[in-house]
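K.L.:
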Amino acid sequence: MTILAITVWHQHPDRLFEQLQNYNQAFDGDVMHYVNINADFADSFAYATRKRGVDFSKIPNLRFVTPPQRTAWAVILHAYLQAVLQAMQDRVAFDYVYFHTSADLMIRRGAAQHIRQFDAGLGKSWRIPGKLQDGVLSFEREGSDQLEAIRQDPAMPAFMAANGFRSLYKCRAEGSFFRRALFFEAIAPMLTHWSLADMTRLPAVYPQEEYLLATCLEHYAQRNKITRTRHLVLTSKNEKQHASIEEIDEALKDSQIFGIKRFDQKSDTPARSHALGLVAAG
104 MTILAITVWH
114 QHPDRLFEQL
124 QNYNQAFDGD
134 VMHYVNINAD
144 FADSFAYATR
154 KRGVDFSKIP
164 NLRFVTPPQR
174 TAWAVILHAY
184 LQAVLQAMQD
194 RVAFDYVYFH
204 TSADLMIRRG
214 AAQHIRQFDA
224 GLGKSWRIPG
234 KLQDGVLSFE
244 REGSDQLEAI
254 RQDPAMPAFM
264 AANGFRSLYK
274 CRAEGSFFRR
284 ALFFEAIAPM
294 LTHWSLADMT
304 RLPAVYPQEE
314 YLLATCLEHY
324 AQRNKITRTR
334 HLVLTSKNEK
344 QHASIEEIDE
354 ALKDSQIFGI
364 KRFDQKSDTP
374 ARSHALGLVA
384 AG
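For the sequence shown, this note's numbering assigns the number 104 to the initial residue and increments by one for each residue that follows.
1. Taking the alpha helix (DSSP H) that Asn127 belongs to, which residues open and close that run?
2. What's the gap between the Cα of Leu299 and the Cα of Arg211?
3. For the candidate residues Ser358, Leu320, Arg219, whose alpha-carbon lies nearest to that of Val266?
4. Could you check if Met259 is buried or exposed, using at least 16 other CB atoms within 10 Å of its CB as the buried criterion?
5. If you follow the alpha helix (DSSP H) that Ser279 is in, where does it begin and where does it stop?
6. Taking only three categories from DSSP, how would you classify Asn266?
7. Considering only residues of the same chain and omitting the five flanking positions on each side of Pro310, which have a CB-CB separation below 6 Å?
8. Whole angstroms is fine: what's the gap from Asn327's alpha carbon to Gln359's?
9. With distance defined between alpha-carbon atoms, name the residue in Tyr272, Thr303, His181, Phe281 nearest to Val168.
10. So what does DSSP say about Phe242, is it helix, strand or coil?
11. Just verifying my parser: in three-state terms, what is the DSSP assignment at Val308?
12. Are the region 199 to 215 and the region 123 to 132 in contact at 8 Å, needing three or more beta carbon pairs?
13. Could you please give the first and the last residue of the uninterrupted alpha helix (DSSP H) stretch that includes His181?
14. Relative to the ligand GTP, is the shortest distance from any of its heavy atoms to the C-beta of Arg166 smaller than 7 Å?
15. Where Thr204 and Arg283 are concerned, what is the direct C-alpha to C-alpha distance, given to the nearest angstrom?
16. Taking Cβ positions, are Lys364 and Thr338 nearer each other than 8 Å?
17. If you reduce the DSSP assignment to three classes, tell me which class Arg317 lands in.
18. Counting Cβ pairs, one atom from each stretch, are 3 or more of them under 8 Å apart for the region 192 to 206 and the region 267 to 281?
19. Kindly indicate which three-state DSSP category Phe202 falls into: helix, strand or coil?
20. Going by DSSP in three states, Gly233 sits in which element: helix, strand or coil?
21. Can you tell which of Lys356, Ala346, Asp357 has its C-alpha closest to the C-alpha of His377?
22. For Asp117, which residues from the same chain have a beta carbon less than 7 Å from its beta carbon, with the 5 sequence-adjacent residues on both sides left out?
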């Protein structure tokens, strides 16, 4: 059994290769990678791979999602789930599912050993109280573009009503992990109301991977006794902020943090080199 690590990319094959090596070291080889390349960039990614001489055959525990799924900002959950399904079809023997992104790197080893101590890693989630009346969904918080997009999702009222949910939850998905059996039990209510195709054609976009995964896990945890911890990756609060050496060193003080998002993919920054060096050195 191994940990199934899933991520989504669209450019910079050399950085992907670098990230895969970084993860293999941090997970001590106890990992199987499934990578989705955005279908809109699949040809250019393949061209860049050849041009830059990146040889992915040197990463034996790597498979690409086939056919590649089209992704965009906040439209990645279907690609995550498609990767899980493909791994099952490929008969990969995995006992955990782990999600991450193209912008993160590990900063310490021992990630797999840490994961195996818990049933799930996700949180702290933000609770978002809601109200469902006559099939119309409303929230105590107003003025949020994401909550307005959720209100426009035609599947959301039935999802909440059928499961007796009075609140949604939100949490970053990068670095989240789930024991395999728990994962399928927890997301079953979600898959009853959204197909993978539905997830790609919402009336208005919101990050389903942040809302639906957190909502499913939090309600599952209320009904079932599970061991859980926070997700492995620390995300910068500012979407435009790149990781710094100081941020990395501060994060290392927390034994539950194993990675950081967001690293600049365009250049060999001191922070990127620092993170890669920490993990490579063991």
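Backbone N, C-alpha and C fix where the C-beta goes; we use that ideal spot for every residue, glycine too.
Every value quoted in this text rests on a predicted model; they were computed, and no experiment measured them.
P.N.:
Based on what the coordinates show:
1. 116 to 129
2. 34 Å
3. The question names Val, but residue 266 is Asn in the sequence shown. Comparing Cα-Cα distances from Asn266 to each of Ser358, Leu320, Arg219, the minimum goes to Leu320.
4. buried
5. Element bounds for Ser279: not the alpha helix (DSSP H) but the beta strand (DSSP E), 279 to 282.
6. helix
7. Ala177
8. 23 Å
9. His181
10. strand
11. coil
12. yes
13. 180 to 192
14. The ligand GTP is not among the ligands present in this structure, which contains no ligands whatsoever.
15. 20 Å
16. yes
17. According to the sequence shown, residue 317 is Ala rather than Arg. Note: Ala317 maps to helix in three-state DSSP.
18. yes
19. strand
20. strand
21. Ala346
22. Arg155, Val157
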